[in-house]
Each structure stands twice: as structure tokens, then as C-alpha cells.
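Let me begin by presenting the structure, written as C-alpha cells, before commenting on it.
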Amino acid sequence: MDALTALHKRVSVPRLGAPGPDAEQLEALLRAAMRAPDHGLLRPWRFVVLDGERRERFGERLEAILLEDQPDADDAAREKARAHSLRAPMVIVAVAEIEPDHPKAPPVEQIMATACAVENMMVTAHALGLGAMWRTGGWARDNRVKHALGFAAKDEIVSFLYLGQPAGNIKSVPEPVLTDYLRELP
């Protein structure tokens, strides 16, 4: 698939099945991430690949964090926490490892660079015939989750990128009217 087709036709795929990306596909995803725009060549992005047993171990950590806040959490809430990383055969957690006092690239630019890296992976996944879904939610803002992944509170989880084979119907997204998104200089 050519680059423009991948960019113009990519959609998020919420239901993902096995198999996840193989080693060659994972390398292609990560190589694409490295080409994201990046002020100062900081390469602030870090990726934690959760597949196989690592997904289950991470889910157990999320359940433990839930129980810190809600010691009486019911079975459904506990299962939901454990299942967070089981929605797809592979989850890549994208984290902006922030250099807070960088003279040229403020934290927001480091976060944006990491977001661009995630988008590059999403387009690459589509070009490879994989499905991808970008999620964040409360877990992404929890410092204990950052710590469980080996990061500091200053760092920012930008995405839980779910990857696998598209399962079920892929949603049809209407073509936008481009002029609806343009504004004239006042």
C-alpha cells in the first residue's frame, strides 16, 4: 500500500484479534515511530511492548493499583482492570520521557513528538494490514501506572496502542469536507 493511501484510508479498529504483529512487523512499526518530527532530536518517545504473558502481568499491576484506591472493589471492577491490556494481542505503551528544562523543546513539544510517533505506527499498521486503536483514559494519567512501567511522574503516557488483526466490521468513516476545517485569517 502506498503512503498516501495508508494516510487517507486509515481508521481506528476497536476489535482486534490474534495474531498480533510479528517481529518483522513490530520492527517496521518502531522504525516508523523513529521518523516522527522531533524538535532538537530529543527522541523523547519510549515504548513498552506488552504481548503474551507481559499483558497479563501488566493487568495484574493495574488490578493492584485499583485495589489501593478501592480495597473493596467488586469482581467486575477487578476483572476490568486486569483485562485492560488483554483487548488485543499486542499493546505498545508510548511514553514521553520528559526533559523538563530542555532549552529548546518544552514538555508539550516532547509530548507532541511522541504522539506523532504513535500516529506513524498507526499508519504503518494499516499499511501492513494490521488493525490499531489508540486509547488513553485514567490509567494514562496515573503516576503509579507510570511507575509500574518504569517511568517517573514527570513523564507522560501518550498512548496505549492496541494492535492485532481487525475483527468484525471495520467502521466506515465519511469523507470530511476539507473546507469545513479551514479558517480565514481574521
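Under my numbering, the first residue of the sequence shown is numbered -12, with each subsequent residue one higher. Positions of the beta carbon are idealized from the N, C-alpha and C atoms, including for glycine.
Inset, instruction - Could you say which of Asn156, Gly151 and Ser159 lies nearest to Ala5 if we only look at CA atoms? - result: As a working mapping, residue 5 is identified with position 18 in the sequence shown. Ranking the options by Cα distance to Ala5, first place goes to Gly151.
Legend entry - Contact check, Val174 vs Arg33, beta carbons under 7 Å: No information on residue 174 is available, as it lies outside the stretch -12 to 173 that the chain covers here.
Inset, instruction - Evaluate Gly39 with the Cβ neighbour count: other Cβ atoms within 10 Å of its Cβ, from every protein chain shown; 16 or more gives buried, anything less gives exposed. - result: Numbered from its first residue, the sequence shown carries residue 39 at position 52. Label assigned to Gly39: exposed.
Inset, instruction - Measure the beta-carbon distance from Gly118 to Leu3 and round it to whole angstroms, keeping in mind my assumption that it falls under 8 Å. - result: Locating residue 118 in the sequence shown gives position 131, where the first residue counts as 1. Locating residue 3 in the sequence shown gives position 16, where the first residue counts as 1. Contact holds; Cβ gap of about 5 Å.
Inset, instruction - Quick one: measure Cβ to Cβ for Phe138 and Glu84, integer angstroms, because I've assumed they're closer than 8 Å. - result: Numbered from its first residue, the sequence shown carries residue 138 at position 151. Numbered from its first residue, the sequence shown carries residue 84 at position 97. Right, their Cβ atoms sit about 7 Å apart.
Inset, instruction - Figure out for me which residue from Val110, Arg69, Lys158 and Arg18 has the closest Cα to the Cα of Arg(-3). - result: As a first step, residue -3 must be located in the sequence shown, where it is residue number 10. Per the Cα distances, Val110.
Legend entry - DSSP state of Pro1 mapped onto helix, strand, coil: As a position in the sequence shown, residue 1 is number 14, starting the count at 1. Note: Pro1 maps to coil in three-state DSSP.
Inset, instruction - Classify Arg128 as helix, strand or coil using the three-state DSSP reduction. - result: Position 141 of the sequence shown, counted from the first residue, corresponds to residue 128. Here Arg128 carries a helix assignment [DSSP, helix/strand/coil].
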